[in-house]
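**Student:** Every letter in the sequence shown is one number past the one before it in the working numbering, and letter 10, counting from 1, is 43. C-beta atoms are modelled at their ideal positions from N, C-alpha and C, and glycine is treated no differently. Given the structure is predicted, the values throughout are model-derived calculations rather than measurements.
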Amino acid sequence: MPNAASPIAWDDFRLIRAIAEARSLPAAAELIGLNHSTVFRRLGQIEASLGTRLFERHRSGYVPTPAGEEMAGLAERLETDIAGFTRRLAGREILPAGELRVTTNDSLLVELLTPLFAAFMRQCPDIKLDVLLGNQALNLSKRDADVAIRATDNPPENLIGRRVAQIGWALYGRAIDFPEGAPSDQAELTQLRWISLGDQFSNFKVVQYRQKHIPADQTVYKLNTVLGLAEAVEAGIGIGFLPCFIADKRPALVRLAPPQTGYAADLWLLTHPDLRHSPRVRLFLDFMAAELTKLRPLMEGGATGREDAEAPSPAEA
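1) Helix, strand or coil for Asp-307, going by three-state DSSP, please let me know.
2) What's the gap between the Cα of Asp-250 and the Cα of Leu-225?
3) Are the beta-carbon atoms of Ala-215 and Leu-289 separated by less than 8 Å?
4) Would you list, in sequence order, the uninterrupted alpha helix (DSSP H) runs of no fewer than 4 residues that lie entirely inside the segment 241-323?
5) Going along the chain, which residues of its own chain have a beta-carbon closer than 7 Å to the beta-carbon of Glu-109, five neighbours each way excluded?
6) Compute the Euclidean distance between the alpha carbons of Ile-52 and Ala-61, then round it to the nearest angstrom.
7) Do you know offhand how far Pro-284's Cα is from Asp-177's?
8) Any idea which residues DSSP pairs Pro-97 with across the strands?
9) When we look at the beta-carbon of Ile-209 and count the other beta-carbons within 10 Å, is it buried (16 or more) or exposed?
10) Give the single residue among Tyr-242, Trp-227, Val-143, Met-154 whose Cα lies nearest to the Cα of Gly-167.
11) Only counting the same chain, and skipping five residues up and downstream in sequence, which positions put a Cβ closer than 6 Å to that of Gly-94?
12) What does the alpha-carbon distance come out to for the pair Gly-269 and Leu-256?
13) What residue from Ser-140, Pro-59, His-69, Leu-162 has the CA that sits closest to Arg-313's CA?
14) Answer with buried or exposed for Ala-297, where buried requires no fewer than 16 other C-beta atoms within 10 angstroms of its C-beta.
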């Protein structure tokens, strides 16, 4: 047990949890923003203070002892309790001011959200936005973010929010390559060069279509992000499925098939239940819902007015 002169600080718990999670000192140091030598020195001090080893040093990494596992588990519970406390405080704030952390993905930010964020900040100058990009949802329960804007058919059950639109996908090519629009024989399209999201996105219906109908050697360009798909089609690399809100704003692209409901993904505004009464969160959610609702025709693929919008889908060919 530690003596009275050497109490265990919260930062010590965080450090032990980071080592237990990362299994190496350099990786743990990166997690908590310290340098390797500081983590090494502090771990030695904590173990000396407690009078017990918290980790076994193996060639494969740092493996927690039973005492280390217990301390790391306590650190996780403390972090959860602290995050819950701060969420509840944020939910009782009086004025819509301060920082709001918003997580979304790169394509939504670049192609859709940035002008809306700018308009929101003009309307609410006392609120500062901290935008966190990632294609995996952050943990809103731990205040990694206050609001998530995600395209998903399965929002996390521990969050609340509203579905504001569907994001439609359609097949596109370069207008210069299809001066008369989509070919009447849709089977021709399956013989062309294709671009696509990578196979790790096989939960996307458009990727499933490509895997089923397009020969593997004709998919010549894959990406692990939606951002860049439209540029690949514009560059003439191949044809491919694109989100309508991205492709329909580009005169160089032409639809080769209309969007199908089965390819669409719901767009959600999400937050944690403890934050739903926070003025900052409430104001932001209401503003974004209203503005995104205005853009539903664009997002759902109905705002082009193009003659090729009635062309048959390749899936129906």
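**Tutor:** With the structure as the only source:
1) helix
2) 10 Å
3) Their beta carbons are under 8 Å apart, which means Ala-215 touches Leu-289 by this criterion.
4) Runs of alpha helix (DSSP H) with 4 or more residues, each lying fully within the segment 241-323, are found at 262-267, 277-280, listed in chain order.
5) Same-chain partners within the cutoff: Arg-50.
6) 5 Å
7) Near 38 Å, if we compare the C-alpha coordinates of Asp-177 and Pro-284.
8) Phe-88
9) Burial call: exposed.
10) Val-143
11) Hits under 6 Å: Arg-56, Ser-57.
12) 15 Å
13) Leu-162
14) buried
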